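Novice:
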Amino acid sequence: MIPNNLNFVYFLLACSTSLVLAIAALRLLFGTVYAKGNRNDQILLELMKQRGISNWKALRAQSGLSNAGLWLLRDGEVDELKWGELNQLAKVVGLPLPIFLEKLGLIGENKELEECRAERSKLENQLKQLVAEKQALPVEDFTNMVEVD
Numbered sequence: 001m002i003p004n005n006l007n008f009v010y011f012l013l014a015c016s017t018s019l020v021l022a023i024a025a026l027r028l029l030f031g032t033v034y035a036k037g038n039r040n041d042q043i044l045l046e047l048m049k050q051r052g053i054s055n056w057k058a059l060r061a062q063s064g065l066s067n068a069g070l071w072l073l074r075d076g077e078v079d080e081l082k083w084g085e086l087n088q089l090a091k092v093v094g095l096p097l098p099i100f101l102e103k104l105g106l107i108g109e110n111k112e113l114e115e116c117r118a119e120r121s122k123l124e125n126q127l128k129q130l131v132a133e134k135q136a137l138p139v140e141d142f143t144n145m146v147e148v149d
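Mind the numbering: the sequence shown is residues 1 to 149 in full-length UniProt numbering, read in order.
#1: So the candidates are Ser-18, Ala-14, Gln-50, Glu-140; which of them puts its Cα closest to the Cα of Val-92?
#2: Can Ile-86 and Leu-97 be called in contact, C-beta distance under 9 angstroms?
#3: Could you give the distance in angstroms between the alpha-carbon of Asn-110 and the alpha-carbon of Ala-118?
#4: Report all residues from its chain with a CB closer than 6 angstroms to the CB of Met-1; omit the five preceding and five following residues, and keep chain order.
#5: Where does the unbroken alpha helix (DSSP H) through Asn-67 begin, and where does it stop?
#6: Label Asn-40 either buried or exposed according to how many other C-beta atoms from any shown protein chain fall within 10 Å of its C-beta, with 16 as the threshold for buried.
#7: Judging by CA-CA distance, which residue of Glu-112, Tyr-10, Phe-100 is the nearest neighbour of Glu-46?
#8: What number of angstroms, rounded off, separates the C-alpha of Lys-128 from the C-alpha of Glu-112?
#9: Note the first and the last residue of the continuous alpha helix (DSSP H) segment covering Pro-98.
#10: Work out the CA separation of Ser-54 and Ile-107 for me, nearest whole Å.
#11: What span of residues does the alpha helix (DSSP H) with Trp-45 cover, start to end?
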């Protein structure tokens, strides 16, 4: 009967060792994932800090976003969120919606907009140059000029 008990002990020892190794592997995996964070965590945490929002729970409470919605936002999967939710989040962090989306990397560069900005900058520089040239022109006194017939 002792050999049977010994085999049973070895079996339990093998099972418990396997269980411990599986738990250790899962802890390592989850620790790595948690340490890495989500795609938008750093950006959101900085915006929250600027507005005095202390944690994710407070952000959820102020924005009215669900827990699942918050995870979607943190993971960068905002295509699942409604525009109203995104707009409310933008208000909570104190940004206009387009700027909020741009900070999260959700709006790509707009080539036409960049061209317009470059043109505007060019025109502003031309205006400054013309104003400087105008100010550099001598001011003539025309009060002494009298037209003689």
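The C-beta atom is built at its ideal place from N, Cα and C for all residues, glycine as well. Predicted model only: the values in this text are computed from it and were never measured.
Specialist: Taking the definition as stated:
#1: It is Gln-50 whose Cα lies nearest to the Cα of Val-92.
#2: Before going further, note that residue 86 is Leu rather than Ile in the sequence given. Going by C-beta atoms, Leu-86 is nearer than 9 angstroms to Leu-97.
#3: Those two C-alpha atoms are separated by around 12 angstroms.
#4: Residue placement at Met-1 is poorly supported in this model, since its pLDDT is 48, which falls under 50; the coordinates still yield a value, given next. So the list is empty, once near-sequence residues are dropped.
#5: For Asn-67, the enclosing alpha helix (DSSP H) stretches over residues 67-75.
#6: The residue is buried, with at least 16 neighbouring Cβ atoms inside 10 Å.
#7: Taking only the C-alpha atoms, the option nearest Glu-46 is Phe-100.
#8: Their Cα atoms are separated by approximately 24 angstroms.
#9: Where Pro-98 is concerned, the enclosing alpha helix (DSSP H) starts and stops at 97-103.
#10: One C-alpha to the other measures close to 27 angstroms.
#11: A small correction: the amino acid at residue 45 is Leu; Trp does not occupy that position in the sequence shown. 41-51 is the extent of the alpha helix (DSSP H) around Leu-45.
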